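This report concerns only the one structure given below.
In this note's numbering, the protein residues as written are 1 to 310.
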């Protein structure tokens, strides 16, 4: 894979949202004074009467999006993940998920890869918070192609959606003709020496590890779990039956995130050990994104170390 061809999924989100606006006049967009960073400014430029900047009032933004969804509109509400999933949690729970309203919450700047903004802005609990909410679909995309698909696909899905996006430029993994489906993970490779489950920015790290391990005659498969909820139970069980070593890696707290979701499936259907790589129940730190990924052990090096290569 060409790891030099990169693009931030927040940029892909903005561009796909702009295209979706041309295709569907019922799409409306909300932001909370961060449209330049979340890239909803692209939609605002083309459709100023369908864009609403709510100011630094994230709770109000979610409540307003909930209200307008009852009028046949499809609202996309965007801000940083720490504000979307954290500050507006009560409104998401009681005003969106409880009445099962058609609101799409698209949160950018998730995880420690926010970098220099530091622990206060590095949202590493959002998957945990969102996936425990009844009626909520949780999607975490890994590259430009997958993000463009997800932005448009969730507009067809009735009900609440949380779409997790990142700040960091990430390698483009997929070709334009790749097929994705909500609730169905993507298996990359058929290696039988292990399975690496990944989501978001860590999918590229898993593929790097896969390529390096192959040179050492260790063949692993990578599973891109772009939909955290509903999770692809069938593929998880299949991989558990076909490979002895199971690893998960995520830019998120190991408590409640991807690894926890996979462990729940394994406990129910195929008891087996899972090694979970992620943030170990601590807050993030200020620093460059790549340095933080190394510090917290969520890079390809950490994956390779698990195989104890000489």
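Glycine included, C-beta positions come from ideal geometry on N, C-alpha and C. Every value quoted in this text rests on a predicted model; they were computed, and no experiment measured them.
- Shortest Cα-Cα distance from residue 52 to any of 77, 213, 155 involves 77.
- A Cβ-Cβ separation of about 6 Å places residue 80 in contact with residue 121 under the 8 Å criterion.
- Apart from the 5 residues on each side of it in sequence, residue 265 sits with its Cβ closer than 6 Å to the Cβ of 233, 236 in its chain, given in chain order.
- With a cutoff of 9 Å on beta-carbon distance, residue 66 and residue 99 are scored as near each other.
- Less than 9 Å divides the Cβ of residue 228 from the Cβ of residue 139.
- The C-alpha of residue 158 is placed about 8 Å away from the C-alpha of residue 101.
- Within 10 angstroms of the beta-carbon of residue 104 lie 16 or more other beta-carbons, which makes it buried.
- Put simply, the segment 108-122 does not touch the segment 59-75. Fewer than three CB pairs are less than 8 Å apart.
- Residue 195 is classed as buried because its beta carbon has at least 16 other beta carbons within 10 Å across all chains shown.
- Rounded to the nearest angstrom, the Cβ distance from residue 205 to residue 299 is 5 Å, consistent with a contact under 8 Å.
- DSSP places residue 185 outside both helix and strand once states are collapsed to three, so it counts as coil.
- Annotation: the continuous alpha helix (DSSP H) that includes residue 66 extends over 58-69.
- Bridge partners of residue 253 according to DSSP: 279.
- Pairing residue 182 with residue 146 gives a Cβ-Cβ distance that is not under 9 Å.
- Per the C-alpha coordinates, the member of 252, 213, 208, 188 positioned closest to residue 221 is 188.
- Scanning its chain for C-beta atoms nearer than 8 Å, with the 5 sequence neighbours on each side dropped, one finds around residue 226 the residues 139, 140, 141, 142, 146, 150, 180, 185, 186, 199, in chain order.
- Nearest to residue 152 by alpha-carbon distance, out of 303, 13, 296, 302, is 13.
- Rounded to the nearest angstrom, the gap between the Cα atoms of residue 275 and residue 247 is 5 Å.
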